[in-house]
Each structure stands twice: as structure tokens, then as C-alpha cells.
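All residue numbers for the sequence shown refer to my numbering, where the first residue is 12 and numbers rise by one.
Where is the CB? At the ideal position from N, CA and C, for every residue including glycine.
Just below is one structure, and these are the notes that go with it.
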Amino acid sequence: MRLAKEDFSLSFHRMIASLALLLTLSAPVLAQQQRGGDENRERGRQAEQGAGGAIFSLIPADSTTEHVFKAPSGDLPYTATAGTLDLFGQDGNRSAKIFYTAYVTKNRTPDRPLTFAFNGGPGAASAYLHLGLVGPRMLEFGATGDNGTTPQLKDNPESWLAFTDLVLIDPVGTGWSRPASNDAAGGYYGVRQDADSLSKAIALYVQKNNRLDAPKYLLGESYGGFRAAKVAVSLKNSQGILASGIIMLSPLVEGRFLANSEDPLSAALQLPSLAAAELERRNQFTQEKLSEAERFAMSDYLVGLAGPSPTGQAADALYGRVSELTGISKDVVARTRGFIGDVYAKQMGGTGKVVSPYDASYAVPDAYPEDASTRNDDPILEGYTRAYGAAFSAYARNELGFASEMTYSLLNEDVNRRWEWNGSRGGDSRSLASASTDIRDLLSVIPSFKLMIAHGYSDALTPYGASRYVIDHLPPDLAAGRAELKVYRGGHMFYTRPDSRRSFAGDVRAFYEAKATD
12 MRLAKEDFSL SFHRMIASLA LLLTLSAPVL AQQQRGGDEN RERGRQAEQG
62 AGGAIFSLIP ADSTTEHVFK APSGDLPYTA TAGTLDLFGQ DGNRSAKIFY
112 TAYVTKNRTP DRPLTFAFNG GPGAASAYLH LGLVGPRMLE FGATGDNGTT
162 PQLKDNPESW LAFTDLVLID PVGTGWSRPA SNDAAGGYYG VRQDADSLSK
212 AIALYVQKNN RLDAPKYLLG ESYGGFRAAK VAVSLKNSQG ILASGIIMLS
262 PLVEGRFLAN SEDPLSAALQ LPSLAAAELE RRNQFTQEKL SEAERFAMSD
312 YLVGLAGPSP TGQAADALYG RVSELTGISK DVVARTRGFI GDVYAKQMGG
362 TGKVVSPYDA SYAVPDAYPE DASTRNDDPI LEGYTRAYGA AFSAYARNEL
412 GFASEMTYSL LNEDVNRRWE WNGSRGGDSR SLASASTDIR DLLSVIPSFK
462 LMIAHGYSDA LTPYGASRYV IDHLPPDLAA GRAELKVYRG GHMFYTRPDS
512 RRSFAGDVRA FYEAKATD
């Protein structure tokens, strides 16, 4: 149908009039909707400010830089990324940011391993492992190995980047990882919460970087070793990601062996580490002499502690042997009935020095010689290793392009105090902590899963004897060819010794390259 010119003009004007009326009537509604949208956006902005926006605004944007690692096999170009991963609560608001540093080689094959690493505490950032063991750059503490006043950042010839890509993670509350608020922190400061948050962060990294097909390993030091087992279980159950293996470095595996200094078995498992330290002090360390101490610890010493108090010649022989092995006077050993864990740091050899449980072969002058018990700050934890914090902050700013005005929190004591162990906060409940069941379950349901536990001989904090006991008591069908213990000269952070760091890197490379056997 064709309209006449007049009819068309009339229809057109009527349409314009109707449209004008519609717009006039709609204007208040549209304005109200716009105001509502603006208000919603403002409420969202305020909610984000209230949920950590202020603190999160101090965290820089992700930074990516290009580097070359001088590997023994030749130059290895890699990309370094320093950045954060966002975690959200059930309400949809951002509840935390997790800081990480990733080192990814170029032209890699799909089967190149990917290792996620974290330290322990709880409350420790990953700078120790980062600049002490696995990263392409490392911190050196002078000729004596303990000068933290003028440390030097140098290339790390033993960097694990030679055989695996790396992602170093700072758990919430450490490094530059932050919760949105003090209240939100409670959702992260605990065994289960911590494992779930880290498994989520790992899953985010894997998804965003398309690394699902890579063999994935977890490395954790001290509490981080315990954490590695918990995270591996959470990855499997919550994220559908199965780890190829975990490396537990100087780990807490069973809290019951570390929390009770008057338990006969705990004392017997610690004694070889104290004997190793004394052999180091005398420059007499040999595997043969240490093996003698191990046999004594699990025989005469354990029997003597577990039974009635020895008397006469039996007491003289027992306490004399303990004194000979540890350097503690026989009188002190007798006074404690052979349970020397609580007095060892102060009474070592009567030298006027105190030792660090992190490495019982390392001693410093006693700051409080008039006191019966030690009041010293730990000479390793509170001494030269504190330099890792400022060193990493400078490294991130100058070499990784991640310049933050926030303090890099190397050790957060508030996290440690607030930690929830098995549903309760702090205190002696850590004695109930156990990773043995997680280890057994992982070995059982993942046929290719492998476990390496590594220790320093003279670590009195987490003695190698405790981990040996755990591995020795795994069912043979689980452990054979898939679970191993490696022990090196040194203490809790044995990797600060160049020879031990080199040996450990070689052993881990072989561990990655070997196939799990039945």
C-alpha cells in the first residue's frame, strides 16, 4: 500500500509528537535509574574501600620483566612476573590479595615441571626460599656466612630454574599479601583456611597461565612442609588439580614429636641432631660417628628415658654417654634425667654461649649469662636471616619492576599468634598437628605421587629423626620408590651452606626426573 504525500506527512508528525510525549514521561524514570546506578556504583566503591580498597591501593600493578639465567647447560631466557592474585569471599567482595613471583622459561616443553614454593611460620614470607635456595638470584652473607649487615645479591648457580618453572607465594599476612581487613584475616589464619586459600591461588595461576598439563610440585619449608601436604589435599579435593609430588624441607610432620620435651620418643628422635651439632663443633663429623649416636638414641637412651630413673652404674653410663655426644655436662644431664631439650641451648658445653635450635652447631655469646634459662633472641631467626626481607624488597623494586611503598613482612608475629590449630587458636594445640594422614592418602590415591623430605643434620627445631620415624612407619606398598629422606650438613636452613645447597638441588632434579615405581 502506498500512502499519499499528505497522509505520510501527517503520520510522520503524529509519530514525532508521540515520541516526544514518551520521552517527556520517561525522563524522570531514566534519571531515577541513572541515579540508582550511580548510587550502586558509589556503594560498590565504598564497599571495596571498606573491604581493603585502601590497603590494596598501595599494592602496585603486576610487573613482567625479561631475563637470562646462566645455567650450566647454557643461557636460559625466562620471564619474571611479580604480581598479585585476588581472592573473594562468599559475598563477592575481594577478601585478600596474594603476592607471588613467577619465573617461566621461554620455549618450554609441555612437560616442564612447575613448582609452587612457600615458607612456614606460620607467618613467614617466601623470601627465604626465594633468595636462599630456588630463585635465579640469591643473598650471600659474607665470607663467614652470617654477616647480615652488608649482604650481597648475586646470581644463584644452583637455581631450580634450571629444571623447573617457579612460582613463589606469600600466604595472606606475609610479604605483600594482605587481607581486606583485620576481620577478614580470620578467614586465612588457620590450618584449613590457609591450605584452601593457597590451593585457590595456585588454581588461579594454573588456569590463567594455561599450565594444567605441567607436572605440578609443591615445596614448603618448616611449617610450609606441613602446609604442602595440606595444600596438595585441598588442590585435589577443592580444585581438581593433582600434584605430582611435594618436597618438605625441614618440615613439621607430627606436632606430637616437637611439642613435648619430656616425651621419651621425642627426646630420642632429637638426640642425633644434637650429636651432629657437637661433631660439627669438634670438626669430627662423620656418618659413622653419627650412626653410632642414632643407634644409641633408639636403644639405651630411649629405654633409659621410658623406664624408671636409672641408678648407680646404669645412670652413670647413660648420662655419661649423653654428655659425651652432646657436650652438655654430665651433672646437667643427670639433673634433667636425660631430657636435655629444654636446657640444651643454654648449657651447651658450659662455654658461656647459647646455641640456636635452628642450627645447634651455631653459637653466639650469651646476652644474659646471669639467667638460668636463655633469654636471647634466636641468633639465626632474629639475626642475619632478617636481611632477607629488605633484600627481597630491593630486588623486587630494582630488578622485577615491582615497587611497593608497603613494608615487606618477612615474619608476621600477629599471624603466628592468631593461628588456628585444629580449630583452636595458638597454644599447645599445635601438638595435635599431623601431616602423616595427608601423606598416606596422597600416596594411596595418586599412583604417580612422590614425596621427598629434606633436613639438616644439626636442626634441633625439626629434627630429621622425626621425619625418618614417619617414613619408616609408612606402609611399604606406599613408600617403596616413592618416599625418600635426604639429610645434609647444616641446620633448619641448611641451604645457606653452599655445598648442601648444591647437593640438594641435584637431588631434587633427580627426584623430578625419576618416575614413581611400584
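Contact between tryptophan 430 and tyrosine 200 holds: their C-beta atoms lie close to 5 Å from each other, under 8 Å.
With a contact defined as Cβ atoms closer than 8 Å, glycine 476 and leucine 280 qualify at about 4 Å. If you ignore the 5 residues before and after tyrosine 228, its C-beta comes within less than 8 Å of the C-beta of Pro124, Leu125, Thr126, Phe127, Thr175, Ala254, Ser255, Gly256, Ile257, Ile258, Tyr523, all in its own chain and listed in chain order. Unbroken alpha helix (DSSP H) stretches of 4 residues or longer found wholly inside the stretch 385-455: 398-409, 424-429, given in chain order.
Approximately 20 Å separates the beta-carbon atoms of alanine 446 and lysine 211; this is outside 8 Å, ruling out the contact. Taking a contact to require three or more Cβ pairs closer than 8 Å, the stretch 134-141 and the stretch 181-191 qualify as touching. Around the beta carbon of serine 188, a 10 Å sphere encloses 16 or more other beta carbons of the protein chains shown; the residue is thus reported as buried. With 16 or more other Cβ atoms inside 10 Å of its own Cβ, phenylalanine 460 counts as buried. A direct Cα-Cα distance of roughly 23 Å separates threonine 507 from leucine 411. In this structure, alanine 93 lies away from serine 68, with their beta-carbon atoms at least 7 Å apart. Where serine 372 is concerned, there is no enclosing alpha helix (DSSP H), although the beta strand (DSSP E) around it starts and stops at 370-376.
Of the other Cβ atoms in all chains shown, 16 or more fall within 10 Å of the Cβ of threonine 116; this residue is therefore buried. Around the C-beta of aspartate 207, 16 or more other C-beta atoms lie within 10 Å, and the residue is accordingly described as buried.
Ranking Arg493, Glu424, Ala214 by CA distance to the CA of alanine 243 puts Ala214 first. When the Cα atoms are used, leucine 276 and phenylalanine 268 turn out to be separated by approximately 7 Å. In this structure, the straight-line span from the alpha carbon of lysine 108 to that of proline 190 is close to 7 Å. Under the DSSP assignment, arginine 513 falls in the alpha helix (DSSP H) whose first and last residues are 509-524.
Per DSSP, phenylalanine 110 is one residue of the beta strand (DSSP E) stretching across 105-116. The beta carbon of arginine 293 is closer than 8 Å to none in its chain, skipping five residues each way along the sequence. Using a 10 angstroms sphere on the CB of leucine 223, the tally of other CB atoms stays under 16, which defines it as exposed. In the three-state DSSP reduction, aspartate 86 falls in the strand class (E or B).
If the five residues before and after alanine 414 are omitted, its C-beta is found closer than 7 Å to the C-beta atoms of Pro71, Arg408, all from its own chain and listed in chain order. If you check the CB distance, alanine 491 and leucine 462 do not come in under 7 Å. With distances taken between CA atoms, proline 168 lies nearest to Ser514 out of Ala471, Met504, Val481, Ser514. Measuring C-alpha to C-alpha distances from glycine 131 to each of Thr185, Gly100, Asp157 identifies Thr185 as the nearest.
The continuous stretches of beta strand (DSSP E) do not include valine 481, which lies in the alpha helix (DSSP H) extending over residues 475-483. Proline 226 and isoleucine 351 have their C-alpha atoms some 44 Å from each other.
For threonine 337, the enclosing alpha helix (DSSP H) begins and ends at 323-337.
Judged by DSSP in its simplified three-state form, histidine 141 adopts helix. Linking tyrosine 406 to tyrosine 399 through their CA atoms gives a straight-line distance of about 10 Å. The beta carbon of lysine 364 is closer than 8 Å to those of Ala374, Val375, Pro376, Asp377 in its chain, skipping five residues each way along the sequence. Per DSSP, the continuous beta strand (DSSP E) segment holding serine 367 begins and ends at 364-367. In this structure, the CA atom of asparagine 220 is about 33 Å from the CA atom of glutamine 163.
Sixteen is the threshold: when 16 or more other Cβ atoms of the shown chains lie within 10 Å of the Cβ of threonine 473, as they do, the residue is buried.
With 16 or more other Cβ atoms from the protein chains shown falling within 10 Å of its own Cβ, glycine 146 counts as buried. The alpha helix (DSSP H) runs of length 4 or more contained entirely in the stretch 179-252 are, from start to end of the chain, 193-196, 202-219, 234-245.
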